[in-house]
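Trainee: Could you have a look at this structure, given as structure tokens, before my questions?
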Amino acid sequence: MRKIEFTITANFHNRPLLHFMREELKLSTYIVKHLRNTPQTVFINGTHWRVIDKVKQGDILTLFIPEKTTPPPLWDYPISVIYEDEDILIVNKPSGISSHPTRNHPNGTLCNAVANYLIKENFEPQAGRAVGRLDKVTSGVMLFAKNSLSASRLNGNMNKIYNAIVWGTPEQEGTIVAPIYRPDIGLTLRTVDERGDHAVTHWTTIEQFEDKAFLQITTETGRTHQIRVHFDYIGHPLVGDELYGAPETEFLNHAALHCRQITIAHPITGEEMTFTAPLPEDMKKELKKSGFAVDKYDTIC
Numbered sequence: 000m001r002k003i004e005f006t007i008t009a010n011f012h013n014r015p016l017l018h019f020m021r022e023e024l025k026l027s028t029y030i031v032k033h034l035r036n037t038p039q040t041v042f043i044n045g046t047h048w049r050v051i052d053k054v055k056q057g058d059i060l061t062l063f064i065p066e067k068t069t070p071p072p073l074w075d076y077p078i079s080v081i082y083e084d085e086d087i088l089i090v091n092k093p094s095g096i097s098s099h100p101t102r103n104h105p106n107g108t109l110c111n112a113v114a115n116y117l118i119k120e121n122f123e124p125q126a127g128r129a130v131g132r133l134d135k136v137t138s139g140v141m142l143f144a145k146n147s148l149s150a151s152r153l154n155g156n157m158n159k160i161y162n163a164i165v166w167g168t169p170e171q172e173g174t175i176v177a178p179i180y181r182p183d184i185g186l187t188l189r190t191v192d193e194r195g196d197h198a199v200t201h202w203t204t205i206e207q208f209e210d211k212a213f214l215q216i217t218t219e220t221g222r223t224h225q226i227r228v229h230f231d232y233i234g235h236p237l238v239g240d241e242l243y244g245a246p247e248t249e250f251l252n253h254a255a256l257h258c259r260q261i262t263i264a265h266p267i268t269g270e271e272m273t274f275t276a277p278l279p280e281d282m283k284k285e286l287k288k289s290g291f292a293v294d295k296y297d298t299i300c
């Protein structure tokens, strides 16, 4: 159970505590209801408080966030921890591992490995909540919330920077605005189709080689396979991405896509934090083959 303290600010003086919880802390309806119905979780200045009771400027609100999520099956698989505190866990996800369990594959995912790690660390059931998942083929920085409050406040509040290697000679920079659609619910394949969901991708070319390019990519939306579909759509599929028509190479048997960096506001302190992960070895080898100074790039980014 996570204990967190906040100070009531002037604009919530003589107003119900609920207003502070919803407007200032931006707690979800689910969390507020859960706190309201769970004894000994909400206190003002050390005294149990109802969310409908009024508060004063300078009051100290103490919340005890109960952990109600049941951990998934545990997978004893080593994870690469970039950063960890009481509220968040940042890991470097390898390519080839799914982010989330599914009905047909309940184990062997990063979530299963994270749950195993957290239980070994804390000696009590705890499920890390993946915030902004990555495709199975995608490597890089991935964020987990360690309690429901952190998950609620982080959802949708994260900026990512990706690196990709694509075939061909794209423009120096550009934007792709094209809706993404799933034509067959039984398949993971996506395509650009007017029936799909709005999707926007921006890119800058870091280095152009003879037959391929190394890109930096950001997205305004988070559709499944968005980057892979968009670059295939404009005629520059990701190197190694057989699902979207690009052949394997000597070093890459999956899409050359890596989440290099994420920036968040910490869910409790509000501090802006940036986390990075170096390119994986297979992408480094592919770039070195083309003469790119990968080690220098990893140093300056």
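If you're matching positions, the sequence shown starts at 0 in numbering that gives the first Met the number 0 and goes up one per residue. We treat Cβ as the ideally placed atom computed from N, Cα and C, and that holds for glycine.
So, at 7 angstroms on beta carbons, what are the nonlocal neighbours of residue 168 in its own chain, with the 5 sequence-adjacent residues on each side left out?
Mentor: Contacts found: 207, 212.
Trainee: So for residue 133, helix, strand or coil by DSSP?
Mentor: In the structure shown, residue 133 sits in coil (DSSP, three-state: anything other than H, G, I, E or B).
Trainee: Three Cβ pairs or more, each shorter than 8 angstroms: is that satisfied between the region 265 to 280 and the region 185 to 193?
Mentor: No, the region 265 to 280 is not in contact with the region 185 to 193.
Trainee: Please identify the residue among 285, 194, 128, 116 whose C-alpha is closest to the C-alpha of residue 237.
Mentor: The residue with the shortest Cα to Cα distance from residue 237 is 285.
Trainee: Report back the beta-carbon spacing between residue 239 and residue 257 to the nearest angstrom; my notes put them in contact at under 8 angstroms.
Mentor: Contact flag wrong, Cβ pair sits at about 12 angstroms.
Trainee: Using the DSSP secondary-structure output, state which residues sit across from residue 39 in a beta bridge.
Mentor: Residue 39 pairs with nothing; no bridge assigned.
Trainee: Suppose only complete runs of 4+ residues qualify. What are the alpha helix (DSSP H) ranges in the region 66 to 125, listed by chain order?
Mentor: Listed in chain order, the complete alpha helix (DSSP H) runs (minimum 4 residues) inside the region 66 to 125 are 109 to 121.
Trainee: Our contact map puts residue 88 next to residue 113 with C-beta atoms below 8 angstroms; I'd like the distance itself, whole angstroms only.
Mentor: That belief holds up - the Cβ atoms of residue 88 and residue 113 are roughly 7 angstroms apart, short of 8 angstroms.
Trainee: Express the C-alpha separation of residue 97 and residue 50 in angstroms, rounding to a whole number.
Mentor: The straight-line gap from Cα to Cα measures roughly 40 angstroms.
Trainee: Just to confirm the assignment, what range does the beta strand (DSSP E) spanning residue 161 have?
Mentor: Residues 157 to 166.
Trainee: Roughly how many angstroms separate the alpha carbons of residue 46 and residue 75, rounded to a whole number?
Mentor: Distance between the alpha carbons of residue 46 and residue 75: 42 angstroms.
Trainee: In terms of residue numbering, what span does the alpha helix (DSSP H) encompassing residue 285 cover?
Mentor: Counting along the chain, the alpha helix (DSSP H) containing residue 285 begins and ends at 280 to 288.
Trainee: Taking only three categories from DSSP, how would you classify residue 238?
Mentor: In this structure, residue 238 counts as coil in the three-state DSSP scheme.
Trainee: Relative to the alpha-carbon of residue 55, which residue among 264, 214, 11, 85 has its alpha-carbon at the smallest distance?
Mentor: Looking at the Cα atoms, 11 is the closest of the given residues.
Trainee: I'd like to know if the region 153 to 162 and the region 257 to 268 are in contact, where contact means that at least 3 CB-CB pairs between them fall below 8 angstroms.
Mentor: The answer is yes - the region 257 to 268 touches the region 153 to 162, with three or more Cβ pairs under 8 angstroms.
Trainee: Taking 6 angstroms as the limit between beta carbons, can you name the residues of its chain near residue 201, skipping five residues before and five after?
Mentor: 174, 217, listed in sequence order.
Trainee: I need the straight-line Cα distance from residue 34 to residue 43, nearest angstrom please.
Mentor: Each residue's alpha carbon lies about 14 angstroms from the other.
Trainee: Verify whether the separation of the beta carbon atoms of residue 111 and residue 72 is less than 8 angstroms.
Mentor: Yes, the pair counts as a contact, with Cβ atoms nearer than the cut-off.
Trainee: Looking at the structure shown, is residue 142 part of a helix, part of a strand, or coil, going by DSSP?
Mentor: Looking at residue 142 - three-state DSSP - the assignment turns out to be strand.
Trainee: Helix, strand or coil for residue 56? Go by DSSP, reduced to three states.
Mentor: In this structure, residue 56 counts as coil in the three-state DSSP scheme.
Trainee: Where does residue 350 sit, in a helix, a strand or coil, going by DSSP?
Mentor: For residue 350 there is no data in the structure shown, the boundaries of the chain being 0 and 300.
Trainee: Taking one C-beta from the region 117 to 131 and one from the region 144 to 160 each time, how about it: are there three or more such pairs within less than 8 angstroms?
Mentor: In short, these stretches touch, since the Cβ pair count reaches three.
Trainee: Excluding five sequence neighbours on each side, which residues of the same chain lie with their C-beta closer than 7 angstroms to the C-beta of residue 268?
Mentor: So no residue of the chain qualifies.
Trainee: Return the Cβ separation of residue 140 and residue 81 in integer angstroms, given the expectation that the two are a contact with Cβ distance under 8 angstroms.
Mentor: Contact flag correct, Cβ pair sits at about 7 angstroms.
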